[in-house]
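**Student:** Pasting a structure here, questions to come.
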Amino acid sequence: MIVQKRHTFWRGFMIVLVVCSIFTIGHSSVSKSLSENTATCMREGSYKFVHYRSLEHDPRCRFKGGKEVIQQSGYTVLTPTADGFTFFAGNDNRWQLTATCDGPEITQVNITLYNKCKHYYVTTSHSQADVTLENRVFRIHEYPLELTCGGPTTCNSLERWSLAAEIW
0 MIVQKRHTFW RGFMIVLVVC SIFTIGHSSV SKSLSENTAT CMREGSYKFV HYRSLEHDPR
60 CRFKGGKEVI QQSGYTVLTP TADGFTFFAG NDNRWQLTAT CDGPEITQVN ITLYNKCKHY
120 YVTTSHSQAD VTLENRVFRI HEYPLELTCG GPTTCNSLER WSLAAEIW
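Written out as structure tokens, the structure reads:
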């Protein structure tokens, strides 16, 4: 009777040990492959953004009376890509920002604006910006961008962004 209890104890102990080893090896290989396939410069998830846009006074621009400064804020989700991350934000998610990472450093941000026009087509504007990450706030520095649907509704704009991780 005592011998059978000892065998049962050691058999159970060995099963638990094997199962724990499998989970540990599996977890480390999965996390290693995830870190190799995605960039590490930003954590994916929900972020609060603030978008500043300053329209230059220009005869072509439909906004009269000089410079107009627009500030909007909201929430967006950073989605990892093979080289970094991307997110959509702004009115109707018209701005798409894609960052390229090199390890913990963000090396480049590409901005695409999908201009909403009264016509059935959508024009796009493209730009690039410098970025910094300070105190867990991701800042996209000022960059020029053309807001256009052609003709008298074309405006030159200077824009910048701030993103902060949403804390639950």
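When the count follows numbering that gives the first Met the number 0, it moves up by one through the sequence shown with no breaks and lands on 167 for the last residue.
We put the beta carbon where it would ideally sit given N, CA and C, even for glycine.
Predicted model only: the values in this text are computed from it and were never measured.
1. Let me know the beta strand (DSSP E) ranges lying completely inside the segment 60-148, each 3 residues or longer, listed in chain order.
2. In or out: THR75 buried (at least 16 other Cβ within 10 Å) or exposed?
3. Around the C-beta of PHE12, are 16 or more other C-beta atoms found within 10 angstroms, so that it is buried, or is it exposed?
4. Could you pull out every residue in the same chain whose Cβ sits closer than 6 Å to the Cβ of PHE87, ignoring the five residues on either side in sequence?
5. Of all the options LEU157, THR123 and ALA98, which has the alpha carbon lying nearest to the alpha carbon of THR131?
6. Whole angstroms are fine: how far does the CA of GLN107 sit from the CA of ARG52?
7. Between SER156 and LEU146, how many whole angstroms is the CB-CB distance? I'm expecting something under 8 Å.
8. For the candidate residues THR80, TYR113, ASP101 and PRO79, whose alpha-carbon lies nearest to that of ASP217?
9. Give the secondary structure of ARG10 by DSSP, where H, G and I count as helix, E and B as strand, and everything else as coil.
10. What residue does the beta strand (DSSP E) around ARG52 start on, and which one ends it?
11. Tell me where the beta strand (DSSP E) around GLU158 begins and ends.
12. Suppose the cutoff is 6 Å on Cβ atoms and the five residues either side in sequence are ignored; what does the same chain contact list for SER72 look like?
13. Using CA atoms only, rank isn't needed, just tell me which of ARG135, ILE69, THR123 and ILE139 is closest to ALA163.
14. Candidates CYS100, ILE166 and GLY89: which alpha carbon is nearest GLN70's?
**Tutor:** In this structure, then:
1. 67-79, 83-88, 94-101, 104-114, 122-128, 130-133 and 136-146
2. The residue labelled residue 75 in the question sits at position 76 within the sequence shown. By the neighbour-count rule (16 or more Cβ atoms within 10 Å), THR75 is buried.
3. Along the sequence shown, read from residue 1 onward, the residue named residue 12 stands at position 13. By the neighbour-count rule (16 or more Cβ atoms within 10 Å), PHE12 is not buried but exposed.
4. As a working mapping, residue 87 is identified with position 88 in the sequence shown. The answer, listed in chain order, is GLN95.
5. For the purposes of this step, residue 131 is taken as the residue at position 132 of the sequence shown. The shortest Cα separation from THR131 among LEU157, THR123 and ALA98 belongs to ALA98.
6. The count along the sequence shown starts at 1 and reaches residue 52 at position 53. The count along the sequence shown starts at 1 and reaches residue 107 at position 108. So the two alpha carbons sit approximately 20 Å from each other.
7. Position 157 of the sequence shown, counting from 1, holds the residue named residue 156. Position 147 of the sequence shown, counting from 1, holds the residue named residue 146. Confirmed, about 5 Å.
8. Beyond the ends of the chain as shown, which are 0 and 167, falls residue 217; an answer cannot be given.
9. Looking up residue 10 in the sequence shown gives position 11. Three-state DSSP puts ARG10 in a helix.
10. In the sequence shown, the residue the question calls residue 52 occupies position 53. Here the beta strand (DSSP E) through ARG52 covers 44-54.
11. Position 159 of the sequence shown, counted from the start, is the residue given in the question as residue 158. 154-164 is the span of the beta strand (DSSP E), which, as asked, contains GLU158.
12. In the sequence shown, the residue the question calls residue 72 occupies position 73. Taking C-beta separations shorter than 6 Å and ignoring five residues to either side along the sequence, the partners of SER72 in its chain run VAL49, following chain order.
13. One-based indexing of the sequence shown puts residue 163 at position 164. Answer by Cα proximity: ARG135.
14. Within the sequence shown, residue 70 is the residue found at index 71, counting from 1. The shortest Cα separation from GLN70 among CYS100, ILE166 and GLY89 belongs to GLY89.
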